[in-house]
Ligand code: TEU
């Protein structure tokens with residue numbers, strides 16, 4: 042992507058293509074099935090590249106496409122250099138990449154470097170004997186030392202991150218499910234394998250990596266006892282902050298830069314699990330020579346009740362807190378580094394359900410309003426496929442409908458503890474990851490045009506009206522609105538690089554901010570409520586201004602700072 046030449050851009054130091062890009066995330070399992078097995082695949086992606094291009098985005102991030110037994114939908118890799126059988130072949134990959142590059146799109150793959158699959162040849166070897174040469178590719182704790190100190194295993198029914206393996210009378214470490222053993226980055230041989238593998242993909246022409254839980258790769262291999270009290274006092278009650286503080290983490294990231302990243306014109310983005318606003322700079326400041334960007338979890342965690350698994354309180358979330366979090370994170374990168382912005386991805390529910398309002402009369406305006414937010418912040422937008430259609434949560438009624446290891450194991454855990462399963466299932470209607478993974482809705486034909494057979498996860502019944510074919514024809518659809526906002530960002534460098542300033546921070550319904558670059562100033566007004574709100578901000582009311590964009594096309598939204606329910610207004614201040 043050539044960096045555009047305009048005079049405003051000329052004043053920007055440190056311009057980078059990935060700062061100016063819009064990333065579109067595609068969950069390949071659910072995008073387009075080309076061979077009738079109910080699972081999306083690479084040929085499916087290739088067949089839809091014209092659609093992706095038509096959106097105006099620059100980069101496609103694909104969730105893992107590598108060989109995997111799919112315990113966690115590709116986040117358990119058994120061959121880092123192979124393509125998942127269900128997704129196709131290396132030839133299909135080459136054709137897809139070629140098709141992207143021919144259209145000026147870049148491709149970012151998913152690097153799952155903290156753990157492999159238990160089916161990986163390294164793990165098979167490693168577990169076979171204590172003297173096997175791959176033994177130290179993973180973390181083992183000999184049982185004669187007693188039980189290892191507690192570490193969490195996110196996707197385990199008993200919550201433990203250690204699993205006993207009788208073959209060698211030892212426990213191995215797995216921060217996620219036992220089918221995802223953690224790799225031992227303290228071993229230089231393992232690091233070299235990972236770096237060679239990354240170079241292998243970059244030599245094929247890949248343009249970057251999104252790095253799955255990369256802050257967790259380094260471990261204190263003495264495995265000291267860590268108590269809940271330690272977590273509460275030193276890590277803000279958050280285990281992931283402990284897991285992200287391994288002793289050699291930044292040495293390894295610098296080594297990755299020198300061995301791999303610095304050798305190619307690519308971008309890198311960390312999934313910033315356990316990263317806080319206090320530690321973020323250690324990952325992304327340019328002079329540290331580590332990574333380009335990271336995405337934090339503070340925003341997407343807002344509103345869930347403490348001690349409950351992804352359960353919203355009856356009042357939902359507070360917009361004032363929402364504004365404060367995103368304003369704080371803008372501030373973190375105001376002078377140095379560069380941020381990201383997202384409201385949905387494959388680990389999150391649909392943004393319109395979680396952050397907007399999916400009731401029939403509000404689904405479209407609130408999805409457009411949230412899109413406006415994502416495209417007008419100073420950070421690289423990571424936009425999740427389907428959000429441009431206003432896709433919403435499917436809200437399954439029973440556990441049998443779910444496919445996600447996280448929901449299924451959590452259900453079992455609650456059941457074993459005699460917990461409230463009904464409450465859990467209700468909460469999952471808002472928070473479950475499968476809500477964001479239902480098949481993409483292409484048209485109103487059977488299975489939403491995603492596949493000619495029953496898909497791996499149910500299609501949202503609203504596909505008859507919420508789909509690409511219908512929305513392409515409707516000038517005011519969320520899809521056409523998305524294209525407009527993308528173009529607005531592309532045409533206005535002030536929306537990319539301009540200084541961000543929050544206005545009226547205590548207003549509980551309106552999110553208002555300006556973006557300023559040189560002489561240009563843009564005002565963004567977003568109504569996060571279902572009420573019509575007149576924004577009372579006298580200093581700006583009298584200023585002369587031009588309306589650039591409104592998510593209501595009947596004009597009702599534009600009258601002098603009067604915002605319809607979930608209204609969005611973008612003005613240029615003269
Ligand atoms: O997610 C890591 C992570 O932090 C998740 O546990 C996240 O908190 C959870 O999904 C929220 O419900 C990454 C991937 O994005 C996720 O899809 C994988 O399942 C996980 O790593 C293991 O690889």
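Numbering (this note's numbering), first residue to last: 42 to 615.
Virtual Cβ for every residue (Gly too), placed ideally from N, Cα, C.
Q | residue 447 CB to nearest heavy atom of the ligand TEU below 7 angstroms | A | For the purposes of this step, residue 447 is identified with residue 406 of the chain shown, where counting begins at 1. With a cut-off of 7 angstroms, the C-beta of residue 447 is classified as near the ligand TEU, since at least one heavy atom of the ligand falls inside that distance.
Q. When you compare only the Cα positions, how much space is there between residue 130 and residue 141?
A. On the chain shown, residue 130 is found 89 positions in, with the first residue counted as 1. On the chain shown, residue 141 is found 100 positions in, with the first residue counted as 1. Roughly 17 angstroms separates the two Cα atoms.
Q. What distance in whole Å lies between the Cβ atoms of residue 587 and residue 1, which are believed to be in contact at a cut-off of 8 angstroms?
A. Missing from the structure shown is residue 1; the chain here goes from 42 to 615 and no further.
**Q.** Continuous alpha helix (DSSP H) stretch holding residue 452: start and end
**A.** Taking the chain shown and counting its residues from 1, the one referred to as residue 452 is at position 411. That run of the alpha helix (DSSP H) goes 446–457.
(Q) With the cut-off set at 8 angstroms, would you say residue 433 and residue 394 are in Cβ contact? (A) For the purposes of this step, residue 433 is identified with residue 392 of the chain shown, where counting begins at 1. For the purposes of this step, residue 394 is identified with residue 353 of the chain shown, where counting begins at 1. Cβ atoms of residue 433 and residue 394: closer than 8 angstroms.
Q | Three-state class that DSSP yields for residue 576 in the structure shown | A | As a first step, residue 576 is located in the chain shown; it is residue number 535 there, counting from the start. The answer is coil: DSSP assigns residue 576 none of H, G, I, E or B.
Q: Enumerate in chain order the residues of its own chain whose CB-to-CB distance from residue 147 is below 6 angstroms, with the five nearest sequence positions on each side excluded.
A: The residue given as residue 147 occupies position 106 in the chain shown. Residues of the same chain with a CB within less than 6 angstroms of the CB of residue 147, apart from the 5 flanking positions on each side, are 100 and 248 in chain order.
Q.
Please identify the residue among 325, 296 and 372 whose C-alpha is closest to the C-alpha of residue 310.
A. Numbered from 1 along the chain shown, position 269 holds the residue referred to as residue 310. Out of 325, 296 and 372, 325 has the C-alpha closest to the C-alpha of residue 310.
Q. Residue 196 and residue 446: beta carbons closer than 8 angstroms?
A. Here residue 196 refers to the residue found at position 155 when the chain shown is read from its first residue. Here residue 446 refers to the residue found at position 405 when the chain shown is read from its first residue. Yes, Cβ-Cβ distance for residue 196 and residue 446 is below 8 angstroms.
(Q) Does the distance between the C-beta of residue 116 and the nearest non-hydrogen atom of the ligand TEU fall short of 7 angstroms? (A) One-based indexing of the chain shown puts residue 116 at position 75. Taken from the Cβ of residue 116, at least one heavy atom of the ligand TEU lies inside 7 angstroms.
Q: Might you give, ordered along the chain, the residues of its own chain that have their beta carbon closer than 6 angstroms to the beta carbon of residue 465, omitting 5 neighbours on each side?
A: Position 424 of the chain shown, counted from the start, is the residue given in the question as residue 465. Excluding the 5 residues flanking it on each side, residue 465 has same chain C-beta neighbours closer than 6 angstroms at 455, in chain order.
Q. Under three-state DSSP, which class holds residue 605?
A. For the purposes of this step, residue 605 is identified with residue 564 of the chain shown, where counting begins at 1. DSSP places residue 605 in coil when its eight states are reduced to three.
Q: Out of 245, 374 and 316, point me to the one whose CA is closest to residue 620's CA.
A: This structure does not reach residue 620, given that the chain is present from 42 up to 615, and the question cannot be answered.
(Q) Does residue 322 come out as helix, strand or coil in the three-state DSSP assignment? (A) Start at 1 with the first residue of the chain shown, and residue 322 comes out as number 281. Reduced to three states, the DSSP call for residue 322 is helix.
Q: Let me know the secondary structure DSSP gives residue 343 once reduced to three states.
A: Translated into positions along the chain shown, residue 343 becomes position 302. The answer is coil: DSSP assigns residue 343 none of H, G, I, E or B.
Q: Note down the Cα distance separating residue 178 from residue 279, rounded to an integer number of angstroms.
A: In the chain shown, the residue the question calls residue 178 occupies position 137. In the chain shown, the residue the question calls residue 279 occupies position 238. Going by the C-alpha atoms only, they are around 27 angstroms apart.
Q | Residue from 388, 273, 231 and 266 with nearest C-alpha to residue 259 | A | Within the chain shown, numbered from 1, the residue matching residue 259 stands at position 218. Looking only at 388, 273, 231 and 266, the smallest Cα-Cα distance to residue 259 is reached by 231.
Q. Which residues mark the beginning and the end of the alpha helix (DSSP H) in which residue 514 is found?
A. What you label residue 514 is simply residue 473 of the chain shown in a count that begins at 1. Counting along the chain, the alpha helix (DSSP H) containing residue 514 begins and ends at 509–514.
Q.
So the candidates are 65, 82 and 53; which of them puts its Cα closest to the Cα of residue 496?
A. Here residue 496 is taken as the residue at index 455 of the chain shown, counted from 1. Looking at the Cα atoms, 82 is the closest of the given residues.
(Q) Tell me which residue opens and which closes the alpha helix (DSSP H) that residue 309 is part of. (A) The count along the chain shown starts at 1 and reaches residue 309 at position 268. That residue, residue 309, is in no alpha helix (DSSP H); its beta strand (DSSP E) goes 308–312.
Q.
Any heavy atom of the ligand TEU closer than 7 angstroms to the beta-carbon of residue 66?
A. Taking the chain shown and counting its residues from 1, the one referred to as residue 66 is at position 25. The ligand TEU has no heavy atom closer than 7 angstroms to the beta-carbon of residue 66.
Q. Would you say residue 329 touches the ligand TEU, meaning its beta carbon is less than 7 angstroms from a heavy atom?
A. Locating residue 329 in the chain shown gives position 288, counting from the first residue. For residue 329, the Cβ stays outside the 7 angstroms cut-off from all heavy atoms of the ligand TEU.
Q | Residue nearest to residue 138 in terms of C-alpha spacing, selected from 242, 79, 581 and 198 | A | Stepping through the chain shown from its first residue, residue 138 is reached at position 97. The shortest Cα separation from residue 138 among 242, 79, 581 and 198 belongs to 242.
Q) If you scan the region 71–133 from start to end, which runs of the beta strand (DSSP E) of 3 or more residues do you find wholly inside it? A) Unbroken beta strand (DSSP E) runs of no fewer than 3 residues, entirely contained in the region 71–133, are found at 100–103 and 120–124, following chain order.
Q. With respect to the alpha helix (DSSP H) encompassing residue 366, which residues constitute its N-terminal and C-terminal limits?
A. Residue numbering aside, residue 366 sits at position 325 when the chain shown is read from its first letter. Residues 360–373.
Q) Would the C-beta of residue 619 count as close to the ligand TEU, meaning under 7 angstroms from any of its heavy atoms? A) Nothing can be reported for residue 619: it is not among the residues displayed for the chain, which extend from 42 to 615.
Q: Tell me whether the beta-carbon of residue 604 lies closer than 8 angstroms to the beta-carbon of residue 520.
A: Along the chain shown, read from residue 1 onward, the residue named residue 604 stands at position 563. Along the chain shown, read from residue 1 onward, the residue named residue 520 stands at position 479. The beta carbons of residue 604 and residue 520 sit no closer together than 8 angstroms.
Q. Between the region 518–538 and the region 104–118, are three or more C-beta pairs nearer than 8 angstroms?
A. Touching, no, given that fewer than three Cβ pairs across the two stretches are closer than 8 angstroms.
Q | Own chain, CB closer than 6 angstroms to residue 300, minus 5 neighbours either side, in chain order | A | In the chain shown, residue 300 corresponds to position 259, counting from 1. The answer, listed in chain order, is 236.
Q | Contact set for residue 322: own chain, Cβ-Cβ below 7 angstroms, skip 5 residues either direction | A | Here residue 322 refers to the residue found at position 281 when the chain shown is read from its first residue. 377 and 378.
Q. Is residue 270 helix, strand or coil by DSSP?
A. Here residue 270 refers to the residue found at position 229 when the chain shown is read from its first residue. Helix, per DSSP.
Q.
Tell me the DSSP secondary structure of residue 250 in three-state form.
A. Here residue 250 corresponds to residue number 209 of the chain shown, with the count starting at 1. Residue 250: strand per DSSP, three-state reduction.
Q: Using 7 angstroms as the cut-off, classify the Cβ of residue 468 as near or not near the heavy atoms of the ligand TEU, replying yes or no.
A: Start at 1 with the first residue of the chain shown, and residue 468 comes out as number 427. Remark: the C-beta of residue 468 is outside contact range of the ligand TEU, defined as less than 7 angstroms to any heavy atom.
(Q) What residue range does the beta strand (DSSP E) around residue 334 cover? (A) Your numbering for residue 334 matches position 293 in the chain shown. Start and end: 334–336.
Q | Neighbourhood of residue 133 by C-beta distance below 8 angstroms, restricted to the same chain and skipping five residues each side | A | The residue you call residue 133 lines up with position 92 of the chain shown. Once the five neighbours on either side are set aside, the close Cβ partners of residue 133 are 82, 83, 84, 87 and 124.
Q | residue 448 burial status per 10 Å Cβ neighbour count (16 or more: buried) | A | The residue given as residue 448 occupies position 407 in the chain shown. The residue is buried, with at least 16 neighbouring Cβ atoms inside 10 Å.
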